[in-house]
Each structure stands twice: as C-alpha cells, then as structure tokens.
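These protein sequence lines map, in sequence, to chains A and B.
Be aware that the first sequence starts at 433, since it is given in our numbering, and climbs by one per residue.
Be aware that the second sequence starts at 228, since it is given in our numbering, and climbs by one per residue.
Backbone N, C-alpha and C fix where the C-beta goes; we use that ideal spot for every residue, glycine too.
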Amino acid sequence: MNTERLEELVWELIDGTISSQDHLLLQEYLVGRPEAEERRRELVSLAARLDSLETVEPPAALRQRIDAALEAVPSRGPAALPEPLRLPPLTTAAWPMRAGYLAAGLLVGAALTFLVVGGPGQDLDQSKLYGSVQSGRPVESASTIDLEADSGTVIVERKGAQRLLDFDLRQQGAVVMELESGSGMIELESLDQSGSTALGASTAGSRLRLATMGPAALRLTVNVGEPAASLFLTVTAEDATLDRVILFAGEIPYAR
Amino acid sequence: MKDNDAVFVEASLDGDQSAFGTLVDRYEKKLYSAAYRITGSPEDAMDATQSAFLKAYEKLETFDFTYRFFSWIYRIAMNEALNLVRRRRQVTDLDDRTPDSRLGPEQRVSGKETGRLIEEAMWGLNPDHRAVIVLRHMEGLSYGEIGEVLEIPAKTVKSRLFSARRELRTALLDRGVSR
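Written out as structure tokens, the structure is:
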C-alpha cells in the first residue's frame, strides 16, 4: 500500500465512508508499521482541528442589511396586493406599510417627467391634450404618449381634481412611476391592474409611487385636491442590460 | 431544523414575510461563517450572505421542494462567496500578506496560534478546495450534501476533498503545525 492509498483509507475512516473490507485492510496494514500509524494519527489530528474551528459570529449589522434588502422586494402571495388590484385611498399614515415598495422604487433612478397643467374647474377630454416634450421631442397631443424604446404608452386625462392615468408598460424589469401633486396632497382613489406582474403602491406627503416588476397595464385615479393642481409624473425603468433607462421626459400643458 | 424549512418556504410563498425571517434566523450565522472562511473578509462575507438571502427570496417561486432548502441556500451563498474571491483574487492577496507568520518546518506551533495558522493555510488553498474543506469540516456536510451545494457528483467531492486536505496538510507543515 503506498502513502496515497493509506491516506485515502484513513480519510474514508475519518469520514465514516470506509467499507468493512477496506477497514479490515487498513487495520491489518497499520499493525507493525509505526510510520503508517503516525500518519493516521496526524490525519485524525488534522481533522479534529478543522472540525473544532469555531463558527465566526456575523456582525449585528448583517441582519439589518438583510432585512433592509428583503423589504425592498415586493410582497408575494395572498399577503401581497390582490389581483385585479384595487387600493383604497392611501394617506401618509399608510406610508410605513408600503415602505417596501418605495424602497424597491428607489432601486431604480429617475426618468420620465412631464407636467400636466389644467384650467380651474375644467374637465378636459383627453383628445384635447397637447404639449411639448422637454427632451426635445415635439408632441402634437399628449393624450397618448409613446415611451422610449417602444417600452409602452401612457394616457393622461383630467376630471376636476382627479387625474386618470392609463399605463401600458411593455418594459421588461422594474418600472417605477412617481406622481407628485403641486397642491401638496395626493390620494390614490383606485388602481386597476391587468396581468399578474407584482405591483406595489405607496404614498408619502404629496407623492405617490408605484412599482411594477415587469410588463403591466395599469389604470389609476388620483385625487390631487384642487382642479388646477399641477401633477408631476416621474417614471423610472430598469433594464436588465441597460441598467437604468429613461423612457420619456416632457412637460405637457393642457389645452383650454 | 432542516426538515421543516419547507414549511417556512411555503408560508413565505403565501405572503408571510416573517416566515422567511425564520429561515434567515436559522442560516444567517452558518452562511456568514462559511462565507467568511471562503472569502477571508468580513465585508465580503456580509455581501455574500446578504446577496444569498436576497436572491433566495426573489427566486423563492423557483425553489424545488424535492431538494432541501439548506442545500439550496448554501449553494447560492457559496456561489456568491466563490465569485467574490475569484473576482478579487483573494488567494494571491492573502498569501502575499502572510509570509511573516510562516515558520520553518522544524519549528512546532501549538495552542492558540494553531487555529489562526489553519485559517491562514486555508486561505492559501484555491477557492474550490477551500469550499469543500469548509463544507465538510466546519459545516459538517456529507459528501452527498456537499455535492448538492456545489452541484458536483459525490465522487468529485471525495477526490477534491482528498486533494484539498493534502494541500492543507503541506501548508500547515510549512507553518510548523504538525500533530
């Protein structure tokens, strides 16, 4: 038996995987061979030393980091938002419960911005919307806005203090839409979703944030408190290959 | 503990976020310790552990209940740790940092120093060898379980472990640690 074979059998013995036949062979070989017996003891000692190395305690900050990372992931299953999705009006008090969604939104950057300005007390048909895009693209009508890279469309409509927004998102990966009311308050009155993509919503002060993890059709109605209140919409998209993607940026005033 | 992990995975899939927290409680310390032994860096170990839990949570729907959760989460964590090491060439860096601690083969080391020297010697192994040593001796996994974690056959585990132990023994002898 050469040294390599001896070590092999000793390790099998230590690991508890040695066959009875090999065990007998090893025992017989060790008798009267002090060098082989010394090697056996050495390997047993090495195994014992390795086995007795203490577990390394993680820093307390690790659990906090893990919890924070998990909170940023949208909820799943029955405890998550039901489908089709209809959320009651959210207030600032609901913010902590939706913090996970906001955190998810924060993972992606800023992208689409447009401003909707309307006349006081005036209900406008969406076909009368028009505007210009700050990104440099002229827009004849803002009723339907094509997002960049054929990633979707958004239709904006105003009814008094309500704003109706229809998103048809074809973007793969996370998309975050943030609305900010110029009046200082915003309430989500309804939110309908087609499809099964995970969706989250949260409000904080005058801001409403929505996050979806993939293609989705969303129709939401928000109350901004005042018919003439400005509404800023910021949409962020994250693409698997392009990282953060700007889909659209513009300012869209209403026609009177 | 391992047997009812699946219950918590199911509860987590049903939307119970605290259920996944229970799994974090169970494996945070073990994964961190294993990741630390592989990366040799507390910060890298934290990154690997955090990433493992996050990826597991995000991909929980893909979890195959015919396997055990612990081998799945270990696999993710080991991949994270090994990728970090490979990217940062930790082996070379650490090896360069520790020449002063090496002793001549005629010098014997015992007591408190031994544990530190073993860890140093381990960091000198290549990452794949280090991983099998960590999983076998520190985590107490069987050949089959190590194979599940590293996605290699049990036979490969056995031969890799044999080579790693030989390499480690030589490194320890170089540091004056014999028996």
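Within 8 angstroms, strictly: CB atoms of residue i and residue j
i: B/H356; j: B/R387; result: yes
i: A/Q604; j: A/N655; result: no
i: B/N358; j: B/L377; result: The amino acid at residue 358 of chain B is misidentified as Asn; the sequence shows Ala. Closer than 8 angstroms, so yes.
i: A/D578; j: A/I587; result: no
i: B/P354; j: B/I265; result: yes
i: B/L344; j: B/L399; result: yes
i: A/V505; j: B/Y254; result: no
i: B/E375; j: B/Y263; result: no
i: A/L482; j: A/V442; result: no
i: A/R465; j: A/E439; result: no
i: A/F664; j: A/L611; result: yes
i: B/F296; j: B/D232; result: yes
i: B/I360; j: B/L352; result: yes
i: B/M437; j: B/L311; result: It is not possible to answer for residue 437 of chain B, since the shown part of chain B is limited to 228 through 406.
i: A/E469; j: A/D454; result: no
i: A/S622; j: A/T653; result: yes
i: A/A661; j: A/S615; result: yes
Buried/exposed call for residue i, threshold 16 Cβ in 10 Å
i: B/D271; result: buried
i: A/A500; result: exposed
i: B/K382; result: exposed
i: A/G592; result: exposed
i: B/T397; result: exposed
i: B/Q244; result: buried
i: B/V234; result: exposed
i: B/G371; result: exposed
i: A/S484; result: exposed
i: B/D207; result: In this structure chain B extends from 228 to 406, so residue 207 of chain B is not present and cannot be described.
i: A/V607; result: buried
i: B/A308; result: buried
i: A/V463; result: exposed
i: A/R448; result: Per the sequence presented here, residue 448 of chain A reads as Gly, with Arg not at that position. Flag for A/G448 reads exposed.
i: B/D241; result: exposed
i: A/R491; result: One point to set straight first is that residue 491 of chain A is Pro, not Arg, in the sequence displayed. Exposed, because fewer than 16 other Cβ atoms sit within 10 Å of the Cβ of A/P491.
i: A/R473; result: exposed
i: A/R437; result: exposed
i: B/V404; result: buried
i: B/L250; result: buried
i: B/K362; result: In the sequence as presented, Lys is not what sits at residue 362 of chain B; that position holds Leu. B/L362 comes out buried.
i: B/M239; result: Here the sequence assigns Ser to residue 239 of chain B, which means Met is not the residue at that position. It is buried - the Cβ of B/S239 has at least 16 other Cβ atoms within 10 Å.
i: B/T289; result: exposed
i: A/T435; result: exposed
i: A/E467; result: exposed
i: A/A536; result: Per-residue confidence for A/A536 stands at a pLDDT of 41, beneath the threshold of 50, marking its modelled position as unreliable; no derived number is given.
i: B/K385; result: buried
i: B/E347; result: buried
i: B/G342; result: exposed
i: B/E366; result: buried
i: A/L620; result: buried
For residue j and residue i, believed in contact at Cβ under 8 angstroms, the rounded distance
i: A/G657; j: A/M609; result: Between A/M609 and A/G657 the Cβ distance is about 19 angstroms, and since that is not below 8 angstroms, they are no contact.
i: A/L631; j: A/L640; result: About 13 angstroms; that fails the 8 angstroms criterion.
i: A/A479; j: B/H364; result: 7 angstroms
i: A/L601; j: A/S583; result: 7 angstroms
i: B/F247; j: A/L494; result: The pair is not a contact, with the Cβ atoms about 16 angstroms apart (cut-off 8 angstroms).
i: A/R651; j: A/D624; result: 5 angstroms
Chain C residues whose Cβ lies nearer than 7 angstroms to that of residue i
i: A/D454; result: The question asks about chain C, but that chain is absent: this structure's protein chains are A and B.
Are three or more beta carbon pairs between the stretch 252 to 260 of chain B and the stretch 273 to 280 of chain B nearer than 8 angstroms?
-> The stretch 252 to 260 of chain B vs the stretch 273 to 280 of chain B: in contact.
Output the residue ranges of the beta strand (DSSP E) runs that lie fully inside the stretch 599 to 661 of chain A and measure 3 residues or longer, sorted by chain position.
-> If we require 3 residues or more, the beta strand (DSSP E) runs fully inside the stretch 599 to 661 of chain A come out as 607 to 613, 619 to 626, 631 to 636, 639 to 644, 648 to 655.
Contained alpha helix (DSSP H) runs [length at least 4] in the stretch 442 to 492 of chain A, N- to C-terminal order = Whole alpha helix (DSSP H) segments, 4+ residues: 452 to 462, 466 to 483.
Enumerated in chain order, which unbroken segments of the beta strand (DSSP E) with a length of 3 residues or greater are wholly contained in the stretch 335 to 388 of chain B?
-> The stretch 335 to 388 of chain B contains no whole beta strand (DSSP E) run of 3 or more residues.
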